[in-house]
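Counting the sequence shown from 1 gives a position; our numbering is that position plus 105.
Where a beta carbon is used, it is the ideal one built from N, C-alpha and C, also for glycine.
Taking it in order: structure first as structure tokens, then the write-up.
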Amino acid sequence: MTKSNNLEKRLDFLAHETIGVIGCGHLGKTIASELVRRGFPAHCLMLSRGRSHGSLQGILDERLEGCLSDNQEICRKSSIIFICIRPQSLPDLRGLAFPEDALVVSCMAGVSLQAIRGLLEVDAVRMMPSGP
Numbered sequence: 106m107t108k109s110n111n112l113e114k115r116l117d118f119l120a121h122e123t124i125g126v127i128g129c130g131h132l133g134k135t136i137a138s139e140l141v142r143r144g145f146p147a148h149c150l151m152l153s154r155g156r157s158h159g160s161l162q163g164i165l166d167e168r169l170e171g172c173l174s175d176n177q178e179i180c181r182k183s184s185i186i187f188i189c190i191r192p193q194s195l196p197d198l199r200g201l202a203f204p205e206d207a208l209v210v211s212c213m214a215g216v217s218l219q220a221i222r223g224l225l226e227v228d229a230v231r232m233m234p235s236g237p
């Protein structure tokens, strides 16, 4: 089995999931584009619209504009949600209705799970990615 086929097989378990990414700056865009590049169907991916022109341009460059949505819709439809915002923007997510059965993955450096639970009323796991 080739390396590519092996990766596709590992992504098979996600075939019936919708993945949402809140925060589509460098990290969020990279997670989204790598998922699609490695075989995850783009129609099962939801990306927050973002505030900056640079974030939007990055999404357009990756041809992921069809995945754009608002944060509440991402929470409503996604079973896996990556939070890839800057830590100081966390209060902006207050009031979102995260599903109880969703896997919420925080990629925010320096923000404890206790702080996320207290502010967003959701259990989450932390992921600290590092680039090449």
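Beta-carbon proximity list for residue i, same chain, < 6 Å, skipping 5 on both sides
{"i": "M232", "result": "V210, C212"}
{"i": "V227", "result": "F203, V209"}
Residue environment, residue i, which counts as buried when at least 16 other CB atoms sit within 10 Å
{"i": "S174", "result": "buried"}
{"i": "G171", "result": "exposed"}
{"i": "P234", "result": "exposed"}
{"i": "L224", "result": "exposed"}
{"i": "A207", "result": "buried"}
{"i": "S153", "result": "buried"}
{"i": "A229", "result": "buried"}
{"i": "S194", "result": "exposed"}
{"i": "A214", "result": "exposed"}
Residue i versus the options, residue with shortest Cα-Cα distance
{"i": "G128", "options": "R181, S217, I188", "result": "I188"}
{"i": "E178", "options": "L201, V227, E205", "result": "L201"}
{"i": "L218", "options": "G133, P192, D166", "result": "P192"}
{"i": "P196", "options": "I186, I185, A214, A220", "result": "A220"}
{"i": "K104", "options": "L198, R199, I190, G144", "result": "Nothing about residue 104 can be read from this structure; the chain reaches only from 106 to 237."}
{"i": "L198", "options": "I186, V216, N176", "result": "N176"}
Close-in-space but distant-in-sequence residues of the same chain around residue i (CB under 7 Å, 5 per side omitted)
{"i": "C149", "result": "E122, T123, I124"}
{"i": "S183", "result": "T123, I124, G125, M151, A207"}
{"i": "E139", "result": "none"}
Same chain, Cβ closer than 8 Å to residue i, five either side skipped, listed in chain order
{"i": "R181", "result": "A202, P204"}
{"i": "V141", "result": "A147, L150, E167, L169"}
{"i": "L132", "result": "C189, C212, P234"}
{"i": "R222", "result": "D228, A229"}
DSSP bridge partner residues for residue i (one or two, in chain order)
{"i": "S186", "result": "Ser is not the amino acid found at residue 186; the sequence shown has Ile there. G125, V209, per the DSSP bridge assignment."}
{"i": "R231", "result": "S211"}
Beta carbon proximity, residue i to chain D, threshold 8 Å
{"i": "S217", "result": "Although the question refers to chain D, the structure presented lacks it and comprises just one protein chain."}
Residue i CB to nearest heavy atom of the ligand SAH below 7 Å
{"i": "R168", "result": "In the structure shown, the ligand SAH is absent, as is every other ligand, since no ligand is present at all."}
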